[in-house]
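Just below is one structure, and these are the notes that go with it.
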Amino acid sequence: MKRFTFFIAFLTASSVFFQISNAQEAKHTLSDFELGEHVSGDKRKLSKLDGKVVVIEYWGTR
Numbered sequence: 062m063k064r065f066t067f068f069i070a071f072l073t074a075s076s077v078f079f080q081i082s083n084a085q086e087a088k089h090t091l092s093d094f095e096l097g098e099h100v101s102g103d104k105r106k107l108s109k110l111d112g113k114v115v116v117i118e119y120w121g122t123r
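If you use the numbering used here, the sequence shown corresponds to residues 62 to 123, in order.
Written as structure tokens, this is what we have:
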């Protein structure tokens, strides 16, 4: 049982290590635009949020 637990712990640790070592920066970038231009709310330029994680949630129907 100890060998099995050690094996599972080893697999978990190695998979986490390989995921961290293979992490890459995002290759896709957006051109500068103003948030709030097409939706209600305060206007903010995307360039002011440089270096931060930006999540834009939208919902639309046609």
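Virtual Cβ for every residue (Gly too), placed ideally from N, Cα, C.
No experiment lies behind these values; they were computed from the predicted model shown.
Here the C-alpha atom of Ala74 lies approximately 10 Å from the C-alpha atom of Phe67. Taking Phe94 as the centre and dropping the five residues before and after it, the same chain places the C-beta of Lys106, Leu107 closer than 8 Å to its C-beta, in chain order.
In this structure, the straight-line span from the alpha carbon of Phe65 to that of Trp120 is close to 47 Å.
Here Lys109 carries a helix assignment [DSSP, helix/strand/coil].
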